[in-house]
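Please read the structure below before turning to the comments.
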Amino acid sequence: MDPSRAFVTNVKRLIVKVGTAVVTRGDGRLAVGRLGALCEQLKELNSQGYEIVLVTSGAVGLGLQRLRYRKLVNSSLADLQNAQFELDGKACAAVGQSSLMALYDTLFSQLDVTSSQYLVTDTEFRDTSFRKQLSETVKSLLSLKVIPIFNENDAVSTRRAPYEDSSGIFWDNDSLAGLLAMELKADLLVMLSDVEGLYSGPPSDPNSKLIHTYIKEKHQCEITFGDKSRLGRGGMTAKVNAAVCAAYAGIPSIITSGYATDNIIKVLQGKCVGTLFHRDAHLWTLVKELGVREMAVTARECSRRLQAMNSEGRRKILLDIADALEANESLIKIENEADVTAAQDDGYEKSLISRLSLKPGKISGLAKSIRVLADMEDPIGQVLKRTELADGLILEKTSSPLGVLLVVFESRPDALVQIASLAVKSGNGLLLKGGKEAKRSNAILHKVITSAIPENIGEKLIGLVASREDIPNLLKLDDVIDLVIPRGSNKLVTQIKNSTKIPVLGHADGICHVYVDKSAKVDMAKQIVRDAKIDYPAACNAMVYSVPIGSQETLLLHKDLSSNGLLNELVSDLRHEGVTLYGGPRASSLLNIPETCSFHHEYSSMACTIEIVDDVQAAINHIHQHGSSHTDCIITENHEVAETFLHGVDSAAVFHNASTRFCDGARFGLGAEVGISTSRIHARGPVGVEGLLTTRWILRGSGQVVDGDKGVIYTHKDLPLQTPLYI
Numbered sequence: 001m002d003p004s005r006a007f008v009t010n011v012k013r014l015i016v017k018v019g020t021a022v023v024t025r026g027d028g029r030l031a032v033g034r035l036g037a038l039c040e041q042l043k044e045l046n047s048q049g050y051e052i053v054l055v056t057s058g059a060v061g062l063g064l065q066r067l068r069y070r071k072l073v074n075s076s077l078a079d080l081q082n083a084q085f086e087l088d089g090k091a092c093a094a095v096g097q098s099s100l101m102a103l104y105d106t107l108f109s110q111l112d113v114t115s116s117q118y119l120v121t122d123t124e125f126r127d128t129s130f131r132k133q134l135s136e137t138v139k140s141l142l143s144l145k146v147i148p149i150f151n152e153n154d155a156v157s158t159r160r161a162p163y164e165d166s167s168g169i170f171w172d173n174d175s176l177a178g179l180l181a182m183e184l185k186a187d188l189l190v191m192l193s194d195v196e197g198l199y200s201g202p203p204s205d206p207n208s209k210l211i212h213t214y215i216k217e218k219h220q221c222e223i224t225f226g227d228k229s230r231l232g233r234g235g236m237t238a239k240v241n242a243a244v245c246a247a248y249a250g251i252p253s254i255i256t257s258g259y260a261t262d263n264i265i266k267v268l269q270g271k272c273v274g275t276l277f278h279r280d281a282h283l284w285t286l287v288k289e290l291g292v293r294e295m296a297v298t299a300r301e302c303s304r305r306l307q308a309m310n311s312e313g314r315r316k317i318l319l320d321i322a323d324a325l326e327a328n329e330s331l332i333k334i335e336n337e338a339d340v341t342a343a344q345d346d347g348y349e350k351s352l353i354s355r356l357s358l359k360p361g362k363i364s365g366l367a368k369s370i371r372v373l374a375d376m377e378d379p380i381g382q383v384l385k386r387t388e389l390a391d392g393l394i395l396e397k398t399s400s401p402l403g404v405l406l407v408v409f410e411s412r413p414d415a416l417v418q419i420a421s422l423a424v425k426s427g428n429g430l431l432l433k434g435g436k437e438a439k440r441s442n443a444i445l446h447k448v449i450t451s452a453i454p455e456n457i458g459e460k461l462i463g464l465v466a467s468r469e470d471i472p473n474l475l476k477l478d479d480v481i482d483l484v485i486p487r488g489s490n491k492l493v494t495q496i497k498n499s500t501k502i503p504v505l506g507h508a509d510g511i512c513h514v515y516v517d518k519s520a521k522v523d524m525a526k527q528i529v530r531d532a533k534i535d536y537p538a539a540c541n542a543m544v545y546s547v548p549i550g551s552q553e554t555l556l557l558h559k560d561l562s563s564n565g566l567l568n569e570l571v572s573d574l575r576h577e578g579v580t581l582y583g584g585p586r587a588s589s590l591l592n593i594p595e596t597c598s599f600h601h602e603y604s605s606m607a608c609t610i611e612i613v614d615d616v617q618a619a620i621n622h623i624h625q626h627g628s629s630h631t632d633c634i635i636t637e638n639h640e641v642a643e644t645f646l647h648g649v650d651s652a653a654v655f656h657n658a659s660t661r662f663c664d665g666a667r668f669g670l671g672a673e674v675g676i677s678t679s680r681i682h683a684r685g686p687v688g689v690e691g692l693l694t695t696r697w698i699l700r701g702s703g704q705v706v707d708g709d710k711g712v713i714y715t716h717k718d719l720p721l722q723t724p725l726y727i
């Protein structure tokens, strides 16, 4: 249950308002399927003991459609030639109300539920005795499990057409729903619309974002509303006004889609659907924003204490973390197995479950990697360049931690261990947000790792973000978070890049290629292609498919290989391993395999695209057009061709006669990696400790001043890095 929706556990009486766009289809006819799903939800909730009051729109729209048909049937030929029908809205309401209520009665009767009808006007609500009697009657009906259905009686309303009069107690069915929520002392108001909820702009605008929790002080001046309802008169503006009014009267309100068949049930289960309106929402958001800011600020403070610690102290922390992981291996396995079981029950793909599982030997392997990392040279404070600016004025360029890292990753709990150990080695504070499918694994790993951090540094050096709802607030903290590293799907990486001012290190796509040249050795080619595909197809450096970034990859073959049999052998081997093959335009015809719809198309983890190319230059051109600058490989015995490929392919990692699976921080000797970057600024390829460092300048003098550079003789002389600090 989402924490902000915990109030639903106390809901007994709810008002459900359904809009015209939900009740009717685009042509004005009744949307019988949606109404049937609505009635089934209300029947289910009614049987569970909820007291339900339904407020429905749609009578005018339905009546309009029926009267248009009647007008058409009764028109003369001359009328049809000038078919501009002006229909009175009140007449439409009178015709539509009976049809609408008849349908509700039929649907509820089929579900063994009794409903009742109320047609009310604004004038009646001015009468105190009417309101009192209304409350008593509704209370009596609810006690009998009857569902009262309310609709404003537009047929006799005294409002001016076309419903532009917004004076009075209520002025449409949205405001009627809000009024009834207060009059009947409801616990919740649910308003069903044709969109998921309230957006920051018109829902059709791709830049508009769904607002999960409405904060009046924040959103009322920021939101741009779109057009009003297609057939009704309120639209989203009226719904928001009604929801705000009810919320500030103490009745939580939610606007959500009426097109989904179970959204009301989801709301009452506490799931985060639609937009919530609550009078205390501004306090929740403020607390949440302060919470994540405090987490980031505390991580920075801890990182500064870590940086001040000597090299041996940081080394000991890493060794203690490795020991703690091995000491708690059985407990870690229990939590991980629970995650794996839950993922299997939820129907997750095998490739995700493979990444989620901490297989036998994994914990000891991680501990070993951490010990290797601990024994590597201390990267902090390394003098990278020393220059004498002038006599007695020495400038040093030194390595320094970035500060605070935010790493968002999916599925792989072992990534948490690698990232945390790299953060300690590089002296950075760290905030981690893992996937919900690894929630228990991440929690126990975080607990074990932070328990090994000494008190004088603080366990909050590494923070674990509990909810994905915190991510938007974290991405706003460009003043305290220095780098965001997303590890996951193309959608995740792109979404984060578009949502923050903080620098982002990562790659949205991971399309890797293996090019087999005509001079390639048969056995070597088969071995490398097989390894690049089969060794671990869920990894981001696998030849066929990169699950963390969600992109399919390609095997490129020289055209001459079709004549020496190697092409057929490679295809046969891949098929034998269970790989589904797709072809480019040339390969699909030659090999009689399905043609890929795109070289960027995403397949399952055991799929591969094959294409035939004329030569190495054609392979390079293909990679530049369809690749993602991740990892690409050539298999050839022609060294001139190899050098052409190695220098011609503009990727983060380019290999000759070696599997793409070698593109890994541990295999590169980096100890571990936080991810693989395809960007061209700061870090590229597997990102280890060096990628988590920046530089700073230290200047040592003896009283020098600039004073217009009078009397300063600049030497700008390079000095050995081992030169004594003061000379």
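With UniProt numbering, the residue at position 554 of the sequence shown is 554, and numbering never jumps. From the three backbone atoms N, C-alpha and C, an ideal C-beta is built for every residue, glycine too. Nothing here was measured: the structure is a model prediction, and the numbers come from that model.
Suppose you measure from the CA of residue i to the CA of residue j; what does that come to, to the nearest Å?
i      : j      : result
Ala525 : Ser208 : 49 Å
Gly63  : Ser116 : 20 Å
Leu721 : Trp697 : 14 Å
Gly232 : Gln41  : Since pLDDT at Gly232 reaches only 45, below the 50 mark, its modelled position is unreliable, and the value read off the structure follows with that caveat. Rounded to the nearest angstrom, the two C-alpha atoms are 23 Å apart.
Leu119 : Asp339 : 53 Å
Ala652 : Ile681 : 11 Å
Arg468 : Lys433 : 8 Å
Ser99  : Ile264 : 25 Å
Val244 : Val53  : 19 Å
Glu595 : Ile353 : 29 Å
Val649 : Ala619 : 9 Å
Val60  : Ile496 : 44 Å
Ala542 : Val8   : For Ala542, the predicted structure reports a pLDDT of 45, less than 50, and the residue's modelled location is therefore unreliable. A value from the coordinates is still provided. About 46 Å.
Val705 : Thr694 : 28 Å
Gln97  : Gln133 : 23 Å
Asn442 : Glu44  : 37 Å
Arg314 : Ser421 : 10 Å
Gln552 : Met309 : Its pLDDT being 36, under 50, Gln552 is placed unreliably by the model, and the measurement read from it follows with that caveat. Between Gln552 and Met309, the C-alpha separation is close to 45 Å.
Gly201 : Leu210 : 9 Å
Ser499 : His219 : 18 Å
Thr237 : Val190 : 15 Å
Ile471 : Gly270 : 20 Å
Glu673 : Glu569 : 35 Å
Look at residue i and residue j and say whether their C-beta atoms are less than 7 Å apart.
i      : j      : result
Phe277 : Tyr214 : yes
Leu567 : Leu574 : no
Leu431 : Gly458 : no
Ser519 : Glu637 : yes
Ser399 : Pro379 : yes
Gly429 : Val407 : no
Ala322 : Tyr714 : no
Asp482 : Leu416 : no
Thr275 : Gly178 : no
Ala102 : Ala181 : no
Gly627 : Ile528 : no
Lys368 : Lys385 : no
At what residues does the beta strand (DSSP E) containing residue i begin and finish?
i      : result
Gly33  : First-last for Gly33: Val32 to Ser47, but that is the alpha helix (DSSP H), not the beta strand (DSSP E).
Gly685 : Gly685 to Val687
Val404 : Val404 to Phe409
Gln117 : Ser115 to Val120
Gly463 : Ile462 to Leu464
Gly235 : No beta strand (DSSP E) holds Gly235; the alpha helix (DSSP H) holding it covers Gly235 to Tyr248.
How many whole angstroms separate the CB atoms of residue i and residue j, which I take to be in contact at a CB cut-off of 8 Å?
i      : j      : result
Tyr559 : Val613 : The residue asked about is misnamed: residue 559 is Lys in this sequence, not Tyr. Right, the Cβ-Cβ distance comes to about 7 Å (below 8 Å), so this counts as a contact.
Met606 : Thr631 : Rounded, the Cβ-Cβ distance is 19 Å, inconsistent with contact.
Leu356 : Glu455 : Going by Cβ atoms, the distance from Leu356 to Glu455 rounds to 33 Å, so no, they are not a contact pair.
Asp259 : Arg29  : Looking at the sequence provided, one finds Tyr at residue 259 rather than Asp. Rounded, the Cβ-Cβ distance is 16 Å, inconsistent with contact.
Leu366 : Leu325 : 6 Å
What are the start and end residues of the alpha helix (DSSP H) that includes residue i?
i           : result
Thr20       : Thr20 to Val23
Asp174      : Asn173 to Glu183
Asp323      : Ser311 to Ala327
Arg575      : Leu566 to His576
Ile353      : Lys350 to Leu356
residue 730 : Missing from the structure shown is residue 730; the chain here goes from 1 to 727 and no further.
Complete runs of the alpha helix (DSSP H) confined to the segment 476 to 522 [at least 4 residues]:
Counting only runs of 4 or more, we get 490 to 497.
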